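Worksheet for the structure shown next.
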Amino acid sequence: MTASEEKPSEEDGTEPGLPGHPPRVLYIGGGTKSGSTLLDLMLGQVPSFFSVGELRQIWQRGLVENSRCGCKERFFDCPFWTAVGAEAFGGWGNVDVQEVLALRNSLDTVSSLRALKADSSDPSGDERIERYVRILDPLLRAIGHVSGAGVIVDSSKTPSHALLL
-17 MTASEEKPSE EDGTEPGLPG HPPRVLYIGG GTKSGSTLLD LMLGQVPSFF
33 SVGELRQIWQ RGLVENSRCG CKERFFDCPF WTAVGAEAFG GWGNVDVQEV
83 LALRNSLDTV SSLRALKADS SDPSGDERIE RYVRILDPLL RAIGHVSGAG
133 VIVDSSKTPS HALLL
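Under the numbering used here, the final residue of the sequence shown carries the number 147; numbering is consecutive throughout.
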């Protein structure tokens, strides 16, 4: 999990990172060992971009394993992720990790691509998609607001996760 330094917003007349303002996501797809982490870290250095590493892994590596962040702190000790959890969910303790992992594991698969693509214009077609998107939306908004970035760089790589965003 990577959280690069906070970046100032672009001076292009937009106000990224405001509460309720959905950030843009620059998604890096590809295979394993494809250089996506390096590209993610490089893009995270661009003003108004913020690198989150493989966001799809936040539930397992962050909430379950309490892995180290890019700032070298454990997930629950990282000021950035603590602020994101507080803003998105009123604290990470309010997230039903097992439910979120079950949703992610059932949707973020190669076999779910056809259903995700079919439902991409109408997510109400599958209740699981709707529930997972309702979890991802406040997470992405909080990342944008706490980081102050207009673009979140997500190097999760999988096509199914890209469709869920």
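Backbone N, C-alpha and C define an ideal beta-carbon position, used for all residues, glycine too.
None of these values were measured; they are calculated from a predicted model.
Beta-carbon separation (whole angstroms), residue i vs residue j, contact threshold 8 angstroms
{"i": "F71", "j": "P4", "result": "Between P4 and F71 the Cβ distance is about 17 angstroms, and since that is not below 8 angstroms, they are no contact."}
{"i": "C51", "j": "W63", "result": "6 angstroms"}
{"i": "V133", "j": "S30", "result": "6 angstroms"}
Residue i, enclosing alpha helix (DSSP H) - first and last residue
{"i": "I125", "result": "E109 to S129"}
{"i": "S18", "result": "S18 to L25"}
Run of the beta strand (DSSP E) containing residue i, from where it starts to where it stops
{"i": "S138", "result": "V133 to K139"}
{"i": "V7", "result": "R6 to G11"}
{"i": "S49", "result": "Taken as a continuous stretch (DSSP letters only), S49 belongs to no beta strand (DSSP E), as it is neither H nor E."}
Straight-line gap, residue i to residue j (C-alpha atoms, nearest Å)
{"i": "K189", "j": "V77", "result": "A query on residue 189 cannot be resolved here, the shown segment of the chain reaching from -17 to 147 and no further."}
{"i": "A(-15)", "j": "A131", "result": "Because the pLDDT of A(-15) is 47, which lies under 50, any placement of that residue in the model is unreliable, and the number read from its coordinates should be weighed accordingly. Roughly 12 angstroms between the two C-alpha positions."}
{"i": "G44", "j": "C53", "result": "13 angstroms"}
{"i": "E36", "j": "V7", "result": "12 angstroms"}
{"i": "C60", "j": "R113", "result": "27 angstroms"}
{"i": "L83", "j": "V115", "result": "13 angstroms"}
Option nearest residue i by Cα separation, candidates the options
{"i": "H127", "options": "T14, L21, F32 and L8", "result": "F32"}
{"i": "I117", "options": "R38, K15, G11 and T14", "result": "R38"}
{"i": "V46", "options": "E81, I10, R110 and L147", "result": "E81"}
{"i": "I125", "options": "T19, E69, V79 and T91", "result": "E69"}
Between the region 78 to 87 and the region 20 to 34, are three or more C-beta pairs nearer than 8 angstroms? no
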